[in-house]
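A.B. asks:
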Amino acid sequence: MAHNPQREDYQRLSLRFARELDRLDPGEATRAFASFGRRFAQDRDSLPQSDADRAFHLVVLATEVVDYQLPFATDEQAPGLIKRGRDLLDEALSLDPACHDAARMRSSSEAPSVEARYRHLAERADEVRASCERARDEAVAGLDDERASLAADIAMRPYLRWLASLAEEALICGRNRVAADVAERLLRLDARDLSDARFTLAYALAKLEDEDGLAELERRYASISPLRGPDDAWILLARIALAHKRCDFERARADLSRLLSTYAGAAGTLIRQVELPDGEFARLRVRPYSEDELILAVSEGIVLLQEGNDRSGKGVLGTWVAREVARLDPEAAREAAQAARREGAQQA
Amino acid sequence: MNAWDELVQRCALRRRDKIGPLSDEAYAELLLAVRADPEAFVDTSVERSALVMARALDAYRASCRDDDLLDDAAYEAERARRLAALHAECVLAREIDESSLDANLMQLLTADLEPDPLLEGLLELEKDFSCDEPPAGDAWDDVFYRPHLRLRAAVARTCADSARFKMARDAALSVIDASPSDPLGARHTCMLAYARLEDEAGFDAVSARFSRQESSWSHLARAIMLYKLDRMPAARRALRGFDGLCPGGAYALLRPTYVELYLPDRPEVAPCSFEESMLAVREAEPVIADTPDFIPWCQDQEWLVASAARFAEGHDLDW
Numbered sequence: 001m002a003h004n005p006q007r008e009d010y011q012r013l014s015l016r017f018a019r020e021l022d023r024l025d026p027g028e029a030t031r032a033f034a035s036f037g038r039r040f041a042q043d044r045d046s047l048p049q050s051d052a053d054r055a056f057h058l059v060v061l062a063t064e065v066v067d068y069q070l071p072f073a074t075d076e077q078a079p080g081l082i083k084r085g086r087d088l089l090d091e092a093l094s095l096d097p098a099c100h101d102a103a104r105m106r107s108s109s110e111a112p113s114v115e116a117r118y119r120h121l122a123e124r125a126d127e128v129r130a131s132c133e134r135a136r137d138e139a140v141a142g143l144d145d146e147r148a149s150l151a152a153d154i155a156m157r158p159y160l161r162w163l164a165s166l167a168e169e170a171l172i173c174g175r176n177r178v179a180a181d182v183a184e185r186l187l188r189l190d191a192r193d194l195s196d197a198r199f200t201l202a203y204a205l206a207k208l209e210d211e212d213g214l215a216e217l218e219r220r221y222a223s224i225s226p227l228r229g230p231d232d233a234w235i236l237l238a239r240i241a242l243a244h245k246r247c248d249f250e251r252a253r254a255d256l257s258r259l260l261s262t263y264a265g266a267a268g269t270l271i272r273q274v275e276l277p278d279g280e281f282a283r284l285r286v287r288p289y290s291e292d293e294l295i296l297a298v299s300e301g302i303v304l305l306q307e308g309n310d311r312s313g314k315g316v317l318g319t320w321v322a323r324e325v326a327r328l329d330p331e332a333a334r335e336a337a338q339a340a341r342r343e344g345a346q347q348a
Numbered sequence: 349m350n351a352w353d354e355l356v357q358r359c360a361l362r363r364r365d366k367i368g369p370l371s372d373e374a375y376a377e378l379l380l381a382v383r384a385d386p387e388a389f390v391d392t393s394v395e396r397s398a399l400v401m402a403r404a405l406d407a408y409r410a411s412c413r414d415d416d417l418l419d420d421a422a423y424e425a426e427r428a429r430r431l432a433a434l435h436a437e438c439v440l441a442r443e444i445d446e447s448s449l450d451a452n453l454m455q456l457l458t459a460d461l462e463p464d465p466l467l468e469g470l471l472e473l474e475k476d477f478s479c480d481e482p483p484a485g486d487a488w489d490d491v492f493y494r495p496h497l498r499l500r501a502a503v504a505r506t507c508a509d510s511a512r513f514k515m516a517r518d519a520a521l522s523v524i525d526a527s528p529s530d531p532l533g534a535r536h537t538c539m540l541a542y543a544r545l546e547d548e549a550g551f552d553a554v555s556a557r558f559s560r561q562e563s564s565w566s567h568l569a570r571a572i573m574l575y576k577l578d579r580m581p582a583a584r585r586a587l588r589g590f591d592g593l594c595p596g597g598a599y600a601l602l603r604p605t606y607v608e609l610y611l612p613d614r615p616e617v618a619p620c621s622f623e624e625s626m627l628a629v630r631e632a633e634p635v636i637a638d639t640p641d642f643i644p645w646c647q648d649q650e651w652l653v654a655s656a657a658r659f660a661e662g663h664d665l666d667w
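What follows is the structure, encoded as structure tokens:
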């Protein structure tokens, strides 16, 4: 699923626009409705919107900059993009101090440590929930069921993203039980799992070596994620980690093969095991089963891969995964080694 | 491991079995005689193998004494030489008697392997040397069973080093079950595993089983566990307990130093001493590494840093 900021922006404005249409006669309403798409794309300012809507739009622009452009920027471009992202978020906050997405993204880039980031998210979570609930109650007033439900949904999303970030930070901090609890809270609030909290939950359960919990989560996929079964990279990596932790190498190999056959170009990604910064707005939106999705899962999975006292620094599981994949796909191993040498030469 | 003491007991027990029932006094006399000159009583291949190991361990420990004087490169070279010499003796001891579990275990440990291959080797040994139920009562009292307990305790520690915390917990618990007096300190491994698994009930149960006797491991493991559970005031109190009851613990935590392999088990140190804290910090490494901001948080506790600095000053250590 994943959060889609552009879509949410569109939904916010279309919902507000629809309220205006109700005041018009049917002919006018039809004409106005037909013009919405064009105005949204080309003449946004002509559409009715609140400061909160404007602030959210700035968040969307900031997300584009920091989550989707910055990771691919050169060293010369990066400072400019960082500044632009910060300016957009500051502007959003000046328009709407209750813009929790902007506040979250802003504080995340400023926090001196993961602990500080975690602490900020944990301490403000209740306040953010209360604020979103107030916004929800105001938003649904006077709306019919269908619109009320969408309006309520949109109003609560900043809180869902807040919790999703909190769960991820907890996992990075080694607070695995907190991560699992927050992910569960998120699943209760958002039964369709827009935030893909089940991915974070799978890793937290693997860290806690909770075999039963992970098996139960796989069964729960049928209701949480009816269109996508438990064969994503997160659940598979969590299963591999657990099998490896109980020295069931046969099982671990079988799931690793499954991962390799499910994801295109998986071998190189599983050998390199690169850690990337997490998306600031939310987990990056990528195509299911794409190489990019595996890159995200491996990056978040560093907490599992790099455990243990091995001397390579790759972690006990990380070393095992890289070696097994290289055995299954020697060509990918050669390419990964070449890429590593090139990077080493560039950095030197 | 007190290899000489175990060799003496083995030789005395075999001799007693050979000459028939002895009164307690007579057996005590026999023990004294063996202790005075163990080599004279060494007879079977197991004992000869144990003798080689006892001598090799003496030589190894003696050669560790002057390490402080060496620079890093010289230390590395000396360490490699020393381990290789001990390894060669263990190979020899094993050739003398392949059925000596201690020789097999030591040969494996001195190979200085990565956690995964080491664990594989240890589990292989458990299969090859599988035995019936441990002796009734405290299995440690049976000197012939001690190698099995040592192996299991090594499995527990290696599981923790290879991030297999439930396996570590289970292996450590089985050592405690077989030997409730736990001279090998498997409970320490167990507590670290519970801390990493954020299992407070399990931690508490094992602590209660040992009458809440504290150690550097228990204090440190509790602080880490509460930090992981985000119960920060309690975590701070636990860290204060570690600092207050383990002199030098703060220094060991904030300035961790290299701790040599356990050959075959932990060196004997005084409870809650600085030396014990160094061991606890080393063993807690895979757990601490899982909480990247635990050490920075400790460094933010001014009293802890001040305590470490005081200890360094009082003991002529770098700070």
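One line per chain: the protein sequences are A and B, in this order.
Heads up: the first sequence begins at 1 in the numbering used here, then just goes up one per residue.
Heads up: the second sequence begins at 349 in the numbering used here, then just goes up one per residue.
Virtual Cβ for every residue (Gly too), placed ideally from N, Cα, C.
(1) Quick one: which residues of the segment 642–662 of chain B get their C-beta closer than 7 Å to a C-beta of chain A? List them in chain order.
(2) Name, please, each residue of chain B whose Cβ falls closer than 8 Å to the Cβ of Lys371 (chain A).
(3) Is Asp578 (chain B) close to chain A, meaning its C-beta is less than 7 Å from at least one C-beta of that chain?
(4) Report the three-state DSSP secondary structure of Thr392 (chain B) (helix, strand or coil).
(5) Within a Cβ cutoff of 7 Å, which residues of the same chain sit near Ala206 (chain A), ignoring the five residues on either side of it in sequence?
(6) Report the neighbours of Cys132 (chain A) on chain B: residues whose CB is nearer than 8 Å to its CB, in chain order.
(7) Consider the Cβ of Glu354 (chain B): report whether some Cβ of chain A lies at a distance smaller than 7 Å.
(8) Below 7 Å between beta carbons: does that hold for Cys99 (chain A) and Ala55 (chain A)?
(9) Beta carbon of Val182 (chain A), beta carbon of Leu163 (chain A): below 7 Å?
(10) Which residues in the same chain as Arg342 (chain A) place their Cβ atom closer than 7 Å to its Cβ, once the five residues preceding and following it in sequence are excluded?
(11) What are the boundary residues of the alpha helix (DSSP H) that Pro581 (chain B) is part of?
(12) Hey, how far is the Cα of Ala29 (chain A) from the Cα of Arg23 (chain A)?
(13) Enumerate in chain order the residues of its own chain whose CB-to-CB distance from Leu284 (chain A) is below 7 Å, with the five nearest sequence positions on each side excluded.
(14) Shortest alpha-carbon distance to Ser621 (chain B) belongs to which of B:Trp645, B:Tyr606, B:Cys594 and B:Arg603?
(15) Could you pull out every residue in the same chain whose Cβ sits closer than 6 Å to the Cβ of Arg498 (chain B), ignoring the five residues on either side in sequence?
(16) Compare the C-beta of Ser113 (chain A) with all C-beta atoms of chain B and state if any pair is closer than 7 Å.
(17) Should Gln42 (chain A) be labelled buried (16 or more other beta-carbon atoms within 10 Å of its own) or exposed?
(18) Mind listing which residues of the segment 168–189 of chain A have their C-beta closer than 9 Å to chain B's C-betas, in chain order?
(19) Counting along the chain, where does the alpha helix (DSSP H) carrying Tyr575 (chain B) start and finish?
(20) Start and end of the alpha helix (DSSP H) containing Ala598 (chain B)?
(21) Along the alpha helix (DSSP H) that carries Gln455 (chain B), what are the first and last residues, could you check?
(22) For Gly268 (chain A), is the beta carbon positioned less than 6 Å from some heavy atom of the ligand FAD?
(23) Express the C-alpha separation of Leu160 (chain A) and Leu194 (chain A) in angstroms, rounding to a whole number.
(24) Let me see if you follow: with CB-CB separation under 7 Å, is Gly308 (chain A) close to chain B or not?
(25) Residues of chain B with CB under 8 Å from Leu208 (chain A), in chain order?
(26) For Thr605 (chain B), count the other beta carbons within 10 Å of its own beta carbon; 16 or more makes it buried, fewer makes it exposed. Which is it?
(27) Determine whether the Cβ of Val316 (chain A) lies closer than 7 Å to any Cβ atom of chain B.
(28) Out of A:Ser46, A:Leu259, A:Cys247 and A:Leu260, point me to the one whose CA is closest to Gly469 (chain B)'s CA.
(29) Does Glu624 (chain B) come within less than 7 Å of chain A when only Cβ atoms are used?
(30) Determine the chain B residues that contact Arg84 (chain A) at a beta-carbon separation under 7 Å, and present them in chain order.
(31) Among residues of its own chain, excluding the 5 on either side of Gln306 (chain A), which ones have a beta-carbon nearer than 6 Å to its beta-carbon?
(32) Taking the alpha-carbon of Asp96 (chain A) as reference, which of A:Ser257, A:Asp25, A:Glu169 and A:Ala135 has the nearest alpha-carbon?
(33) Can you give me the C-alpha to C-alpha distance between Pro465 (chain B) and Asp255 (chain A), rounded to a whole angstrom?
(34) For Arg557 (chain B), which three-state DSSP category applies?
(35) Beta-carbon within less than 6 Å of Ser527 (chain B)'s beta-carbon, same chain only, minus the 5 sequence neighbours each way: which residues are those?
(36) Quick check: the Cα distance between Gly279 (chain A) and Ala170 (chain A), rounded to an integer number of angstroms?
C.D. replies: Considering the structure as presented:
(1) Pro644 and Trp645
(2) No information on residue 371 (chain A) is available, as it lies outside the stretch 1 to 348 that chain A covers here.
(3) yes
(4) coil
(5) Leu214, Ala238, Ala241, Leu242 and Leu304
(6) Ordered by position in chain B, no residue passes the 8 Å Cβ test against Cys132 (chain A), which lies about 23 Å from the chain.
(7) no
(8) yes
(9) yes
(10) none
(11) Met580 to Leu593
(12) 8 Å
(13) Asp67 and Leu296
(14) B:Cys594
(15) Pro612 and Asp613
(16) yes
(17) exposed
(18) Ala170, Ile172, Cys173, Gly174, Arg175, Asn176, Arg177 and Val178
(19) Ser564 to Lys576
(20) Gly597 to Leu602
(21) Leu449 to Leu457
(22) This structure lacks the ligand FAD; in fact it carries no ligand of any kind.
(23) 9 Å
(24) yes
(25) Leu545 and Glu546
(26) exposed
(27) yes
(28) A:Cys247
(29) no
(30) In chain order: nothing, as chain B lies at least about 29 Å away.
(31) Gly315 and Gly318
(32) A:Ala135
(33) 21 Å
(34) helix
(35) Asp486, Ala487, Trp488 and Leu497
(36) 15 Å
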